[in-house]
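Residue numbers (the working numbering): 3 to 151. Ideal Cβ positions, reconstructed from N, Cα and C, are used throughout, including at glycine. Heads up: the structure comes next, in structure tokens.
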């Protein structure tokens, strides 16, 4: 092996070693305190910070109920922006369980994305009728814009 190759190899090795250590304390034991679990702060606990707005997205149904599997498939497509495919799955979920509020809500979201606002409004109303106490449905800004809440 020639001297130049050896020198470049040594230089590379030194750079590799130096880049792996960010202090002069290499090899010494360090102790860290466990982090406390984080809990969401209420607006009262965080003065000056507004409450974080909810992202309007498709909702999962309770696992095991009729229509939940089709609803979940629709949610997956909705999250990818496949509004028309999501619409098909949400429609199948409603066919399997006409009283599934998440499927009506999600179908309304997909219909809204597709520009079918009249049908979206009807499904938002049905979702609200089926689950008036569900904060994700009743508190939805897009639902409120459609139904006049």
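### Query
Are residue 100 and residue 108 close, meaning C-beta to C-beta below 9 Å?
As a working mapping, residue 100 is identified with position 98 in the chain shown. As a working mapping, residue 108 is identified with position 106 in the chain shown. No, the pair does not count as a contact, with Cβ atoms beyond the cut-off.
### Query
Residue ranges of each alpha helix (DSSP H) run of no fewer than 4 residues wholly in the region 48-132, ordered along the chain?
70-81, 85-98, 103-115, 119-132
### Task
Note down, in chain order, each residue of its chain lying with its Cβ closer than 7 Å to the Cβ of residue 72, except the 5 sequence neighbours on either side.
The sequence position of residue 72 within the chain shown is 70, counting from 1. Cβ neighbours of residue 72 beyond the five flanking positions: 91, 94, 95, 98.
### DSSP-derived helix/strand/coil call for residue 134
The residue labelled residue 134 in the question sits at position 132 within the chain shown. Note: residue 134 maps to coil in three-state DSSP.
### Query
Relative to the alpha-carbon of residue 134, which residue among 116, 121, 104, 114 has its alpha-carbon at the smallest distance?
Sequence index remark: in the chain shown, residue 134 carries index 132 (1-based). Residue 104 is the option with its Cα nearest to residue 134.
### Query
Would you report the Cα separation of residue 128 and residue 84, rounded to the nearest angstrom?
Counted from its first residue, the chain shown places residue 128 at position 126. Counted from its first residue, the chain shown places residue 84 at position 82. Each residue's alpha carbon lies about 23 Å from the other.
### Message
Restricting to Cα atoms, I'd like to know which of 58, 147, 102 is closest to residue 69.
### Response
Position 67 of the chain shown, counted from the first residue, corresponds to residue 69. Of 58, 147, 102, the residue nearest in Cα terms is 102.
### Query
Which word fits residue 76, buried or exposed, when buried means at least 16 other C-beta atoms lie within 10 angstroms of its C-beta?
Within the chain shown, the letter at position 74 stands for residue 76. So residue 76 ends up on the buried side.
### Sequence-distant residues of its chain with Cβ nearer than 7 Å to residue 79 (five each side left out)
Taking the chain shown and counting its residues from 1, the one referred to as residue 79 is at position 77. The residues are 87, 88, 91.
### Message
Within a Cβ cutoff of 7 Å, which residues of the same chain sit near residue 143, ignoring the five residues on either side of it in sequence?
### Response
Numbered from 1 along the chain shown, position 141 holds the residue referred to as residue 143. Counting only Cβ-Cβ distances below 7 Å, and skipping sequence neighbours, we find 58.
### Message
Given this structure, state the Cα-to-Cα distance separating residue 124 from residue 114, to the nearest angstrom.
### Response
As a working mapping, residue 124 is identified with position 122 in the chain shown. As a working mapping, residue 114 is identified with position 112 in the chain shown. Going by the C-alpha atoms only, they are around 11 Å apart.
### Task
Enumerate in chain order the residues of its own chain whose CB-to-CB distance from residue 34 is below 7 Å, with the five nearest sequence positions on each side excluded.
Residue mapping note: residue 34 aligns to position 32 of the chain shown, counting from 1. Annotation note: pLDDT 39 at residue 34 (below 50); position unreliable, coordinate value reported separately. Counting only Cβ-Cβ distances below 7 Å, and skipping sequence neighbours, we find nothing.
### Message
Looking only at its chain, what residues have a beta carbon closer than 6 Å to the beta carbon of residue 145, apart from the 5 residues adjacent to it on each side?
### Response
The residue you call residue 145 lines up with position 143 of the chain shown. So the qualifying residues of the chain are 126.
### Task
Write down the C-beta distance between residue 1 and residue 111 rounded to the nearest angstrom, noting that I regard them as a contact closer than 8 Å.
In the structure as shown, the chain starts at 3 and stops at 151, and residue 1 therefore has no counterpart that could be examined.
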